[in-house]
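So the protein sequences, as listed, match chains A and W. Okay, so the first sequence: first residue is 78 according to the working numbering, each after it adds one. Okay, so the second sequence: first residue is 142 according to the working numbering, each after it adds one. The C-beta atom is built at its ideal place from N, Cα and C for all residues, glycine as well. This structure is a prediction, so every number in the text was calculated from the model and none was measured. Have a look at the structure below before the remarks.
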Amino acid sequence: MQMLIQIVSAVPKVMGILVLCFSMGVDAGTSNEIEMGISEYADTSRSHLKSATDLPAKNRVSSSTADHSEFKELQGPFTSGPEVTEACLSCHNKAGQQFMKGIHWTWEYKHPVTGQTLGKKNVVNNFCTNARGNEGMCAQCHAGYGWKDEGFDFNDQTKIDCLVCHDSTGSYYRTPNSKGNAACSIMFEGKQPIDWNKVAQSVALPTRSNCGTCHFYGGGGDGVKHGDLDSSLKHPDKALDVHMDAGGLNFSCTECHQGEGHKWSGSRYNMDAKDEEGVGKPGQRRLVATCESCHGHSPHPGNNLKAVKLNGHTDRVACQTCHIPAFARGGVATKTDWDWRTAGKLKNGEGFNLKGYTQGNGEHRAIYKSIKGDFKYGENLTPSYAWFDGVMNYTTIETTFDPKAGPVEINGFNGAYDDEKSRIWPFKKMHATQPYDKGNNTLVYMHLWGEDESAFWGNYDFGKAIKVGMEKNNKPYSGEHGFVDTVSYWPITHMVAPKSEALNCSGCHAKEGRLSELSGFYMPGRDGFGWLDILGYLAVIGALLVVLVHGVIRFVMCKKRVTEHCKAEE
Amino acid sequence: MVKREKHAVTIYTRYERFWHWSQAALIFMLAFTGFGLHGTHALLPFEKAVMLHTFSAIALILLWIFTTFWNFTTGNWRQFLPHTKGLFAVIRYYAWGILFGEEHPHKKTLRRKQNALQGLAYLTFMVIIGPALWITGIIYLLYDVWNEIPGAADGLFIVAALHTAAAFLMVTFVIVHIYMTTTGKTPLHYIKTMLTGVENVELTEVERAYLAEEHPDRLKDA
């Protein structure tokens, strides 16, 4: 009831912002809607809002032995996040140390195979390009309080944000850690203040909405980055995801992303592309996020030929390849192409968004933003497929490349038909045209967010933004930037469709099937045998011609009464 | 020269006819589904084609095992022993003589139901094309059993190529075989024989007497 009141009281403010947007002008002559100003803030705290069409969620009965609302440590009064964190840590006295080792805190990942130092603190992607140096905005999704520059203390446990993952009210939210350019200030107006006592007393295990606060909005908006993770998974039906189905299994993320000690399985940097262990020993809880850890290696039931044949695929074909026939199916679009070159166009000296794409759920998405450039979107997309051994090799800020040698792979990977560690996996392939250092042939860190005159968002000067972005992080910069084609690969693993929707055999076993691009190995139904086929067809055609000619001659000779073979009766 | 007389006799026993026609049906099914899997046509979905192809193959292999047993226990295998006596005459007949109303150089007897060319063709069918198909087919079918051997994917290519090559030979054989059925006294004469089992063959006195005594039902003369 209290939550409902909060929602109702928030409505006038939201309406106010909407009215403001519309009053600034809808471009006459086109159906595209122009929104002035910079509006980058996604209000992800609407996580728990449900629409009338949502299926009723089946909640598991909590078997918890503790009711947090009764603890005297949580009676407050609290006025800030760190105060709540201190209260949490006063009982959960190992949680801080545990959490601070994890990637949600460090934003750093040392790849055990490639040795590369990755993590959001380091990588360059082909969306907003880099969080590094833009923490004032990007660290909204750092599970800590106040990271806006190098001054952040990674050893201060009270800076951990427990609530973003453990709030169960849906009323908790985060805003960027610094203000950014004046043009951006409008973004955070009109937010209902957080009732710290209430959220502190309502902590629970994370639900999809908690994880989704960040993971559904990666890349700067709903569904932008992954394509198989977006807000439609807050309350999905079975058709969208059989496991997360709100009216059915209603899995939380951690149901598959098993973990302990605040560390979870399922790294995209180093994936378990082929889980050889399967379900493990009876009763064993394996800390992996693979399908096989529950379904085993013979997941298709029955002692029949079909099941045998399907199970024969599991060693070479990832489950996802057949069982996620399309991604971005929930009415939320994902970005497929991003062109930074056009960023910086202004109207009357002001940045703007051009909303030219209407996605499945009716929301309008910007196809152009002054601060980001042009985008393309897609929904119900067919993945691209490749042999994948699970190891991602990144083009980092240190990597030099030849800009003329085709698109730069932000994250390339290995895998081949004759590598027993790889399987065929589905990917979202993201293309971008993004800035690079023309002199040194490396990617660049851009200074996007800041109150100063060089931050791209508000000042729109690539030269300055790149120079400062590189200098601030002590990276060499030639002083000259250009734009380079890049691609990144996003393994598709969510939005598992019901089995009736799984790909059928001829999806791949066909001349122009989904795997027509994969080469080097024979696949029935897809491949022929070249000269052998030609010889074979010639033999068949030859035989037909010989018997036809022979038959015609016999027929003619019979009609001329030379022979008597053509009589109907003996 | 022993004196021979023509008689209408059941030369193909009930089992031989069952073997022939069930084998024919299975081979048609296998060719249709197999070339569907190969991508020659797209008349049925891959999944259905796999099922039908596999089950037909299993049925045909069982039929062949049983028939091989039958051929050896009945002594019928001797019909397929290769011989070249009259081979050239038969080739010459089909290439030339048949067009001008010549008599077939081979006279069917109980001991030799098939002419030399026919015998060679059936032998090729039974010891080369057939086994090539079922041996590669079984290896192909059991891919999941050996796919962990290094180089298995390349092995599959070879197995599939051999299987396909044999399948092309089979189709070629069947086309010529079906055409040859029209070369009897009338276009449907041989088909009728294969359905009823009855054919006019030249019997020696002894053969006739033996049939009259032991298998009177096989003598179909009125």
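Check for me: the beta strand (DSSP E) holding residue i runs from which residue to which?
{"i": "residue 298 (chain W)", "result": "Counting along the chain, residue 298 (chain W) falls outside any beta strand (DSSP E), though it belongs to the alpha helix (DSSP H) covering 293-321."}
{"i": "residue 469 (chain A)", "result": "469-471"}
{"i": "residue 565 (chain A)", "result": "558-568"}
{"i": "residue 455 (chain A)", "result": "450-455"}
{"i": "residue 489 (chain A)", "result": "488-490"}
{"i": "residue 477 (chain A)", "result": "Where residue 477 (chain A) is concerned, there is no enclosing beta strand (DSSP E), given that its DSSP letter is neither H nor E."}
{"i": "residue 510 (chain A)", "result": "500-514"}
Could you tell me if the beta carbon of residue i falls within a distance shorter than 7 Å of some heavy atom in the ligand GTP?
{"i": "residue 440 (chain A)", "result": "Within the structure as shown, the ligand GTP is missing, as the structure has no ligands at all."}
Can you list the residues of chain W that residue i reaches, using a CB-CB cut of under 7 Å?
{"i": "residue 598 (chain A)", "result": "294"}
{"i": "residue 586 (chain A)", "result": "187"}
{"i": "residue 620 (chain A)", "result": "313, 316 and 317"}
{"i": "residue 313 (chain A)", "result": "In chain order: nothing, as chain W lies at least about 28 Å away."}
{"i": "residue 386 (chain A)", "result": "191"}
{"i": "residue 531 (chain A)", "result": "Chain W residues near residue 531 (chain A): none, gap ~54 Å exceeds 7 Å."}
Output, in chain order, the set of chain A residues within a Cβ distance shorter than 7 Å of residue i.
{"i": "residue 170 (chain W)", "result": "Chain A residues near residue 170 (chain W): none, gap ~16 Å exceeds 7 Å."}
{"i": "residue 344 (chain W)", "result": "Those within 7 Å of residue 344 (chain W) in chain A number zero; the least Cβ separation is about 19 Å."}
{"i": "residue 231 (chain W)", "result": "Within 7 Å Cβ-Cβ: nothing; residue 231 (chain W) doesn't reach chain A, min ~15 Å."}
{"i": "residue 297 (chain W)", "result": "599"}
Quick check on residue i: does DSSP put it in helix, strand or coil?
{"i": "residue 430 (chain A)", "result": "strand"}
{"i": "residue 140 (chain A)", "result": "coil"}
{"i": "residue 135 (chain A)", "result": "Per-residue confidence for residue 135 (chain A) stands at a pLDDT of 49, beneath the threshold of 50, marking its modelled position as unreliable; no derived number is given."}
{"i": "residue 301 (chain A)", "result": "coil"}
{"i": "residue 124 (chain A)", "result": "Below a pLDDT of 50, predicted positions are generally treated as unreliable, and residue 124 (chain A), at 47, falls in that range; the measurement from the model is reported next regardless. The answer is helix: DSSP assigns residue 124 (chain A) an H, G or I state."}
{"i": "residue 580 (chain A)", "result": "coil"}
{"i": "residue 483 (chain A)", "result": "coil"}
{"i": "residue 523 (chain A)", "result": "coil"}
{"i": "residue 285 (chain W)", "result": "helix"}
{"i": "residue 152 (chain W)", "result": "coil"}
{"i": "residue 104 (chain A)", "result": "Because the pLDDT of residue 104 (chain A) is 41, which lies under 50, any placement of that residue in the model is unreliable, and the number read from its coordinates should be weighed accordingly. Reduced to three states, the DSSP call for residue 104 (chain A) is coil."}
{"i": "residue 463 (chain A)", "result": "strand"}
{"i": "residue 634 (chain A)", "result": "helix"}
{"i": "residue 147 (chain W)", "result": "strand"}
{"i": "residue 424 (chain A)", "result": "strand"}
{"i": "residue 159 (chain W)", "result": "helix"}
{"i": "residue 495 (chain A)", "result": "coil"}
{"i": "residue 179 (chain W)", "result": "helix"}
{"i": "residue 98 (chain A)", "result": "Bear in mind that a pLDDT of 34 at residue 98 (chain A), under 50, signals an unreliable position, so the number given afterwards is only what the model happens to contain. Here residue 98 (chain A) sits in helix by DSSP."}
{"i": "residue 324 (chain W)", "result": "helix"}
{"i": "residue 129 (chain A)", "result": "Residue confidence for residue 129 (chain A) is low, a pLDDT of 45 falling below 50, so the modelled location carries little weight; the figure read from the coordinates is stated next. Looking at residue 129 (chain A) - three-state DSSP - the assignment turns out to be coil, as it is neither helix nor strand."}
If you follow the alpha helix (DSSP H) that residue i is part of, which residue opens it and which one closes it?
{"i": "residue 344 (chain W)", "result": "Where residue 344 (chain W) is concerned, there is no enclosing alpha helix (DSSP H), although the beta strand (DSSP E) it sits in stretches over 339-345."}
{"i": "residue 415 (chain A)", "result": "Residue 415 (chain A) -> not in any alpha helix (DSSP H); beta strand (DSSP E) instead, spanning 411-416."}
{"i": "residue 446 (chain A)", "result": "Taken as a continuous stretch (DSSP letters only), residue 446 (chain A) belongs to no alpha helix (DSSP H), being part of the beta strand (DSSP E) at 441-446."}
{"i": "residue 534 (chain A)", "result": "533-536"}
{"i": "residue 111 (chain A)", "result": "Residue 111 (chain A) -> not in any alpha helix (DSSP H); beta strand (DSSP E) instead, spanning 110-113."}
{"i": "residue 197 (chain W)", "result": "187-215"}
{"i": "residue 594 (chain A)", "result": "From DSSP, residue 594 (chain A) is part of no alpha helix (DSSP H); its letter is neither H nor E."}
{"i": "residue 385 (chain A)", "result": "382-388"}
{"i": "residue 259 (chain W)", "result": "257-265"}
Whose Cβ in chain A lies nearer than 9 Å to the Cβ of residue i?
{"i": "residue 335 (chain W)", "result": "None at all; the shortest Cβ gap to chain A is about 15 Å."}
{"i": "residue 305 (chain W)", "result": "605, 606, 609, 610 and 613"}
{"i": "residue 271 (chain W)", "result": "Ordered by position in chain A, no residue passes the 9 Å Cβ test against residue 271 (chain W), which lies about 17 Å from the chain."}
{"i": "residue 302 (chain W)", "result": "599, 606 and 609"}
By the criterion of Cβ-Cβ separation under 9 Å, what are the contact partners of residue i in chain W?
{"i": "residue 631 (chain A)", "result": "239, 240, 323 and 324"}
{"i": "residue 382 (chain A)", "result": "191, 192, 195 and 196"}
{"i": "residue 640 (chain A)", "result": "239, 240, 241, 242 and 243"}
{"i": "residue 626 (chain A)", "result": "Chain W residues near residue 626 (chain A): none, gap ~11 Å exceeds 9 Å."}
{"i": "residue 616 (chain A)", "result": "309, 310, 312 and 313"}
{"i": "residue 634 (chain A)", "result": "239, 240, 241 and 242"}
{"i": "residue 379 (chain A)", "result": "Residues of chain W passing the Cβ test: none, with the nearest at roughly 13 Å."}
If the cut is a Cβ gap below 8 Å, which residues of chain W does residue i touch?
{"i": "residue 396 (chain A)", "result": "Result: empty, since nearest Cβ-Cβ is about 17 Å, beyond 8 Å."}
Inset, instruction - Please go through the segment 309-378 of chain A and give each complete beta strand (DSSP E) segment of 3 or more residues, from N-terminal end onward. - result: Within the segment 309-378 of chain A, no complete beta strand (DSSP E) run reaches 3 residues.
Inset, instruction - Taking a Cβ distance cut-off of 7 Å, strictly less, list which residues of the segment 233-246 of chain W are near chain A, in chain order. - result: Against chain A - using a Cβ distance shorter than 7 Å - the residues of the segment 233-246 of chain W are 239, 240, 241 and 242.
Inset, instruction - Scan the segment 163-238 of chain A and note each continuous alpha helix (DSSP H) run of 4 residues or more that stays entirely inside, going in chain order. - result: 172-177, 180-183 and 212-215, all fully within the segment 163-238 of chain A.
Legend entry - Under 7 Å (Cβ pairs) to chain W, residues found in the segment 469-501 of chain A: Listed in sequence order: 494 and 495.
Inset, instruction - Name, going along the chain, the residues of the segment 174-185 of chain W whose beta-carbon falls closer than 9 Å to a beta-carbon of chain A. - result: Per Cβ criterion, the list reads 177, 178, 179, 180, 181 and 183.
Inset, instruction - Quick one: which residues of the segment 561-583 of chain A get their C-beta closer than 7 Å to a C-beta of chain W? List them in chain order. - result: Listed in sequence order: 581, 582 and 583.
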